[in-house]
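A short worksheet on the structure shown next.
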Amino acid sequence: MTSHADSPPVRRLADWDHDRLESLAEEYDTPLYVTDLDRIKENYTRFSSAFPDAHVMYAAKAHTGKSVLEAVLEAGGDIECAAWGELKRSIDAGADPNTLQYTAVNPPDRDLDYATDLADDAPGLTITIGATDTLDRLQARGYDGRIAIRINPGIGTGHHEKVATGADAKFGVPYERVPDVADRVRQEFELVGLHAHAGSGVLTEGLEEHCRAIERVGEMARRVGDESLEFVDVGGGYGVPYRENDEPLDLEKTSALVRDAVGELDATLKLEPGRYVVADASLILSEVNTIKEAPDTTVVGVDASLATLIRPAMFGSYHPMYNVSAPERESEPVTVGGPVCTSADVFAHDRPIARPEREDVIAIGNAGSYGYELASQFHSQPRPAEVALEGGEARVVRRRETLEDVTRVEQD
Ligand SMILES: Cc1ncc(COP(=O)(O)O)c(C=O)c1O
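This is the structure in structure tokens:
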């Protein structure tokens with residue numbers, strides 16, 4: 004039997020059991036998110052095994068579903084949160100609040116209220132700040148506990164400019180100001196770590212730049228005294244192959260490069276992958292409702308839309324697609340779009356897919372990270388159901404929304 008650490012580093016859409024997917028679509032209707040919790044555990048374990056002496060937390064923002072958080076906890080992971088709701092949902096999923104790390108980015112009052120109330124009974128909670136205003140606001144709430152400082156390393160990386168946070172002034176304390184901020188934190192709080200997150204979706208070719216940002220974090224840790232820090236957290240950002248010919252990250256190599264970049268440290272290395280853990284564990288099943296021959300292309304209309312998965316519209320992201328109803332048909336390039344009235348609601352142009360026909364089920368792969376999490380009710384579309392697979396069993400972990408769910412908070 005393969006251990007989770009030895010599980011395949013990539014799961015392509017073609018590797019899923021297509022008969023099963025078709026019957027899930029029939030049983031639970033479409034559009035449908037299908038999330039394989041066993042794969043989440045494999046991904047977490049494979050990643051953390053490649054960093055044996057590091058502490059690997061899961062960045063909850065990639066997919067904050069309860070079943071996902073439970074799977075990560077079961078695999079031994081801790082959780083990094085970016086908002087009070089993520090803290091609460093992590094605790095509801097069984098996380099010990101003492102193990103949580105809360106990364107505050109321009110935090111609303113309600114987030115700081117929740118985090119500081121939580122810390123009253125959970126002194127192990129860590130709050131990561133990216134601005135001294137946050138320190139003032141924590142002090143005003145009587146907080147003097149564990150603080151990590153988010154550094155702006157001045158180097159951003161990732162698959163799209165909108166996710167390259169490392170050089171964006173919005174994130175982190177400006178690099179040269181970190182020693183002063185560290186002095187203040189030491190006097191007024193407990194300084195436990197430094198943190199940075201350079202960007203998201205890094206594959207092998209982006210590793211060098213990613214590691215340049217990490218080098219800066221290691222340098223700063225030594226400047227402020229790494230022997231007095233508990234951890235140095237270099238964030239997440241580890242990508243997965245979305246395109247069929249993209250190679251997966253070589254984790255051994257990635258681990259060696261990250262270690263080398265951060266340099267000698269008398270503090271524990273921390274990482275917080277989100278995408279890597281969940282991306283290839285979920286897909287969307289969507290039914291074809293329209294085939295239209297247009298002068299330059301065949302348009303395939305499906306019932307998923309940018310409200311179901313916004314990444315293609317937001318980042319121009321590529322998601323693999325597969326006709327699970329008839330993979331044997333000859334493939335032809337088609338345009339696949341949903342029911343939303345904007346030209347942005349297109350999953351792919353000129354994509355070769357086994358010639359779709361009405362009522363075929365099309366799988367849209369790698370939908371686990373920033374997929375359901377960014378789903379909306381645009382066009383008054385109730386959000387889809389989510390079915391989890393675990394140990395061979397399927398169960399609904401999020402029921403399909405109804406129109407009443409969409410209108411529930413309206414008032415006359
Ligand atoms: C602070 C922080 N940590 C971790 C992550 C997770 O990134 P990824 O999903 O690319 O691993 C993010 C993503 O935005 C982040 O902002």
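So the sequence shown is residues 4 to 415, counted in the working numbering.
Note that the Cβ used here is the ideal one computed from N, Cα and C, for glycine as well.
These figures come from a predicted structure and were not determined experimentally.
Check, Outcome
"Nearest to Pro-100 by CA position, among Ala-118, Gln-380, Pro-111, is which residue?", "Ala-118"
"The alpha helix (DSSP H) that contains Arg-42, what's its start and end?", "40 to 53"
"Relative to ligand 1, is the shortest distance from any of its heavy atoms to the C-beta of Ser-379 smaller than 8 Å?", "no"
"Is it right to say Thr-405 is buried, meaning 16 or more other beta carbons lie within 10 angstroms of its own, or is it exposed?", "exposed"
"Which two residues bound the contiguous alpha helix (DSSP H) that contains His-213?", "210 to 227"
"What is the C-beta distance between Leu-272 and Ala-57, in whole angstroms, given that I count them as a contact (C-beta under 8 Å)?", "4 Å"
"Please give me, in chain order, every unbroken run of the alpha helix (DSSP H) with length at least 4 that falls completely inside the region 70 to 141.", "87 to 95, 112 to 124"
"I'd like the list of long-range same chain contacts for His-382, defined as Cβ closer than 8 Å, with 5 residues on each side in sequence excluded.", "Ser-308, Ala-310, Pro-342, Val-343, Cys-344"
"Buried or exposed: which applies to Thr-131, given that a residue is buried once 16 or more other Cβ atoms fall within 10 Å of its Cβ?", "buried"
"When you compare only the Cα positions, how much space is there between Asp-22 and Ser-285?", "16 Å"
"I need the DSSP call for Pro-156, collapsed to helix, strand or coil.", "coil"
"Can you say whether Gly-395 is buried or exposed, counting buried as having 16 or more other CB atoms within 10 angstroms of its CB?", "exposed"
"Can you say whether Asn-109 is buried or exposed, counting buried as having 16 or more other CB atoms within 10 angstroms of its CB?", "exposed"
"Ligand 1 and Ala-370: does the residue's C-beta get closer than 8 Å to at least one heavy atom of that ligand?", "no"
"Suppose the cutoff is 7 Å on Cβ atoms and the five residues either side in sequence are ignored; what does the same chain contact list for Leu-260 look like?", "Leu-210, Cys-214"
"Under a CB-based cut-off of 9 Å, is Lys-165 close to chain D?", "Of the chains in the structure shown, none is chain D; there is only one protein chain."
"Mapping DSSP to helix, strand and coil, what is Thr-5?", "Only weak support exists for where Thr-5 lies, its pLDDT of 44 falling under 50; the coordinates are left without a value."
"Taking 8 Å as the cut-off, is the CB of Ser-285 close to at least one heavy atom of ligand 1?", "no"
"With DSSP as the reference, label Phe-381 as helix, strand or coil.", "helix"
"Less than 6 Å between C-beta atoms, sequence neighbours within five positions excluded: which residues of the same chain meet that for Arg-332?", "Ala-357, Arg-358"
"Work out the CA separation of Ala-201 and Cys-1 for me, nearest whole Å.", "What the structure shows of the chain is the stretch from 4 to 415, and residue 1 is not part of that stretch, so it cannot be assessed."
"Flag this pair as touching only if the region 27 to 35 and the region 241 to 257 have three or more C-beta atom pairs under 8 Å; answer yes or no.", "no"
"Can you tell me the Cα-Cα spacing of Ala-329 and Asp-283, whole angstroms?", "22 Å"
"Is any non-hydrogen atom of ligand 1 found closer than 8 Å to the C-beta of Lys-64, if you look at the structure I gave you?", "yes"
"One question on the structure: do Glu-191 and Leu-138 come within less than 9 Å of each other, judged by their Cβ atoms?", "yes"
"On a CA-only basis, which of Val-280, Ala-151, Leu-377 is nearest Pro-11? Give me that one, please.", "Val-280"
"Shorter than 8 Å, the distance from the beta carbon of Arg-42 to the closest heavy atom of ligand 1, or not?", "no"
"To the nearest angstrom, report how far apart Val-327 and Ser-346 are at their CA atoms.", "26 Å"
"Using 9 Å as the threshold, is the C-beta distance between Val-425 and Glu-218 below it?", "An answer regarding residue 425 cannot be provided, because it is not within the stretch 4 to 415 covered by the chain."
"Verify the contact flag: Arg-402, CB atom, against every heavy atom of ligand 1, threshold strictly below 8 Å.", "no"
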